[in-house]
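When we follow UniProt numbering, the leftmost residue of the sequence shown carries the number 1, and every step to the right adds one. We put the beta carbon where it would ideally sit given N, CA and C, even for glycine. What follows is a single structure, written as structure tokens, with notes after it.
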Amino acid sequence: MSIRARLLAGFLALFAVALSASGVITAWLVHDYVVERSVDKLRDDERRITALVGSGPQTINAEQFATMLGPPLGIMGQDAGGTILFAIGSSVGREYELARLAGRAGPGQILETGDDVAAVRVATPGMRMVYADRPTDDVAQLILVNDPNIDGTATAGFVRGLALVGLVAALVFTALAVLVLRVGLRPLTEMAASADALARGSRGERLPVADHRAETAVLAAAVNRAFDAQDRAEDRARTFAADASHELRTPVATISGWLELYRQGGLGDDVEQVVTRIEDEVGRIRLLVDELGLLARLDAGRPLDRRPLDLAALAAGVVEDARVVHTGLGITLTAPPDGLPALGDAARLQQVLRNLVGNAVRHNPPGTRVGLTLARDDRGARIDVSDNGTGIAPDDLPRLFDRFWRAESSRSRDYGGSGLGLAIVQAIVRAHGGRVDVRSAVGEGTTVTLRL
Numbered sequence: 001m002s003i004r005a006r007l008l009a010g011f012l013a014l015f016a017v018a019l020s021a022s023g024v025i026t027a028w029l030v031h032d033y034v035v036e037r038s039v040d041k042l043r044d045d046e047r048r049i050t051a052l053v054g055s056g057p058q059t060i061n062a063e064q065f066a067t068m069l070g071p072p073l074g075i076m077g078q079d080a081g082g083t084i085l086f087a088i089g090s091s092v093g094r095e096y097e098l099a100r101l102a103g104r105a106g107p108g109q110i111l112e113t114g115d116d117v118a119a120v121r122v123a124t125p126g127m128r129m130v131y132a133d134r135p136t137d138d139v140a141q142l143i144l145v146n147d148p149n150i151d152g153t154a155t156a157g158f159v160r161g162l163a164l165v166g167l168v169a170a171l172v173f174t175a176l177a178v179l180v181l182r183v184g185l186r187p188l189t190e191m192a193a194s195a196d197a198l199a200r201g202s203r204g205e206r207l208p209v210a211d212h213r214a215e216t217a218v219l220a221a222a223v224n225r226a227f228d229a230q231d232r233a234e235d236r237a238r239t240f241a242a243d244a245s246h247e248l249r250t251p252v253a254t255i256s257g258w259l260e261l262y263r264q265g266g267l268g269d270d271v272e273q274v275v276t277r278i279e280d281e282v283g284r285i286r287l288l289v290d291e292l293g294l295l296a297r298l299d300a301g302r303p304l305d306r307r308p309l310d311l312a313a314l315a316a317g318v319v320e321d322a323r324v325v326h327t328g329l330g331i332t333l334t335a336p337p338d339g340l341p342a343l344g345d346a347a348r349l350q351q352v353l354r355n356l357v358g359n360a361v362r363h364n365p366p367g368t369r370v371g372l373t374l375a376r377d378d379r380g381a382r383i384d385v386s387d388n389g390t391g392i393a394p395d396d397l398p399r400l401f402d403r404f405w406r407a408e409s410s411r412s413r414d415y416g417g418s419g420l421g422l423a424i425v426q427a428i429v430r431a432h433g434g435r436v437d438v439r440s441a442v443g444e445g446t447t448v449t450l451r452l
């Protein structure tokens with residue numbers, strides 16, 4: 001079933017339950033009122049007869065007496081020995097049952113027959129009645145009978161009328177519910193139309209968000225955010241593919257050019273030099289493929305080899321290697337004398353430090369001082385790689401960790417690398433549950449802070 005059909009069925013079920021409960025309660029209240037009114041009438045008639053008897057001996061016409069008391073009252077008279085003298089109205093046909101109940105009950109007690117007829121016994125000493133134009137013996141007691149079932153017919157009619165009204169109300173409610181659901185679910189219909197447009201390739205289409213407080217608006221906004229994230233991911237994937245193909249195209253073209261020149265016999269005796277150039281380009285391709293593979297594994301969330309290690313010893317090895325490669329540069333290390341223990345992948349963290357130190361050396365003029373500072377803070381280990389070089393322009397800082405991105409001053413591959421170094425640094429640090437921050441000022445230098 002559709003959402004509209006399920007909601008409509010639920011509304012109708014609730015309405016039916018509420019209407020049925022209301023009808024049952026109303027019918028019960030009406031019945032209770034009728035019974036209570038019947039008893040009240042019996043009590044009222046009992047008081048009137050008692051007052052009449054108290055005024056002295058009376059001779060009363062039974063039919064006129066019954067007329068005076070009014071319907072649906074019945075009267076049955078008994079003498080002192082319990083003999084039934086007469087029966088009028090609702091008492092006819094119930095004489096023996098009433099006589100039996102009256103024999104067990106005291107004066108003023110409400111009697112109830114098997115068919116819910118109520119009665120009361122009234123002592124009438126000294127009363128004589130004329131019934132069918134014949135005087136009766138002394139009537140020692142009267143039994144007043146009130147049949148509430150006579151009013152029950154009206155109650156049944158009332159219940160039938162209530163059921164008819166309920167049926168009409170159900171039809172009206174159904175029509176209104178269909179209308180309300182159609183209007184209320186219109187945002188979902190519009191969302192479905194927008195989703196279909198997105199499925200057909202309309203990337204700029206978004207779900208309508210009319211009222212931010214409505215549940216459908218919250219859902220639409222969440223779906224729109226998901227579509228926006230998907231678009232950004234697709235854009236990054238397309239950019240990544242384009243950049244990767246661009247990075248691979250140059251070395252592949254270089255290798256193809258040298259091989260074509262060799263086939264045409266234009267190398268002469270310089271074959272060894274050409275092979276060396278081809279090996280360099282192959283090495284560049286291999287490095288790029290390795291970096292791309294590392295990023296893919298880190299993006300996939302594959303676990304690293306996390307073991308206890310000393311970051312101070314790790315940094316000391318990186319600084320020592322950098323001093324050997326870049327002789328004459330002031331590369332310093334400041335670390336706690338007792339070391340800086342951590343848990344992580346030593347090879348990957350060493351790669352991070354090598355990348356950062358290499359960047360500080362390559363992207364700054366000769367004579368730049370580079371320093372590594374290791375310390376503990378309240379959240380773990382902190383490593384600062386700083387230099388006093390040219391610094392980074394403020395517009396370039398937000399894009400430092402983008403893949404295949406290079407600052408304008410580093411567009412040359414010989415100077416700027418593949419553009420994946422800082423992206424790899426960030427990915428490795430995040431895989432360790434840490435973060436990377438960069439502070440830089442043009443002309444003053446740059447500091448890259450790692451928190452692990």
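If residue i sits next to residue j, beta carbons under 8 Å apart, how far is it from one beta carbon to the other, in whole angstroms?
i	j	result
A220	M191	6 Å
A119	I143	5 Å
T86	T124	A small fix is needed here, since residue 86 is Phe in this sequence, not Thr. With a Cβ gap of about 13 Å, F86 and T124 do not count as contacting.
A375	P336	7 Å
T368	G389	4 Å
R439	A423	In fact, because the Cβ distance is near 19 Å, the residues do not count as touching under 8 Å.
A360	V370	4 Å
I255	E281	5 Å
R316	L333	It should be pointed out that residue 316 corresponds to Ala in this sequence rather than to Arg. The pair is a contact, with the Cβ atoms about 6 Å apart (cut-off 8 Å).
F15	F173	5 Å
G419	W405	5 Å
T113	R94	6 Å
Can you say whether residue i is buried or exposed, counting buried as having 16 or more other CB atoms within 10 angstroms of its CB?
i	result
Q426	buried
Y415	With a pLDDT of 46 at Y415, under the threshold of 50, the modelled position of that residue is not reliable, and the figure given next carries that caveat. With fewer than 16 Cβ atoms within 10 Å of its Cβ, Y415 is classed as exposed.
G74	buried
D305	exposed
D40	exposed
R37	exposed
R225	exposed
D45	buried
A102	buried
Q141	buried
S202	exposed
Just tell me which of the options has its CA closest to the CA of residue i.
i	options	result
V139	L185, D147, T83, R206	T83
G108	Q64, T67, S91, T50	T50
P251	V178, D79, G283, G81	G283
residue 516	G443, G445, T449	This structure cannot speak to residue 516, because the chain is shown only from 1 to 452.
I3	T67, L14, L181, Y262	L181
V35	N146, E63, P398, A241	N146
L372	A193, L314, L248, A80	L314
L400	V209, D79, T446, A381	T446
V24	G330, A163, E215	A163
A99	G421, L198, G161, M76	M76
R348	E272, L111, E291	E291
L29	G358, V159, H363, F173	V159
R302	L259, Q350, R430	R430
residue 458	I428, D396, V289	A query on residue 458 cannot be resolved here, the shown segment of the chain reaching from 1 to 452 and no further.
I110	G166, V53, R48, R43	R43
* Where are the alpha helix (DSSP H) runs, 4 residues long or more, that stay fully inside the segment 10 to 67, in chain order? -> As far as the segment 10 to 67 is concerned, it has no whole alpha helix (DSSP H) run of at least 4 residues.
* **Given 8 Å, three or more beta-carbon pairs between the segment 340 to 349 and the segment 304 to 314** => Contact between the segment 340 to 349 and the segment 304 to 314 is present, because at least three Cβ pairs lie under 8 Å.
* Does the segment 118 to 134 come close enough to the segment 48 to 60 to have 3 or more Cβ pairs within less than 8 Å? -> yes
* Asked: Between the segment 260 to 277 and the segment 315 to 329, do at least 3 Cβ pairs fall closer than 8 Å?
  -> no
* **Three-pair Cβ contact test at 8 Å for the segment 288 to 298 versus the segment 257 to 264** => no
* **Ordered list of alpha helix (DSSP H) runs contained in the segment 370 to 434, each at least 4 residues** => 413 to 416, 421 to 431
* To do: Could you tell me which uninterrupted alpha helix (DSSP H) segments, each at least 4 residues in length, are contained entirely in the UniProt domain "HAMP" (182 to 235), listed from first to last along the chain?
  => Qualifying alpha helix (DSSP H) stretches, in chain order: 186 to 199.
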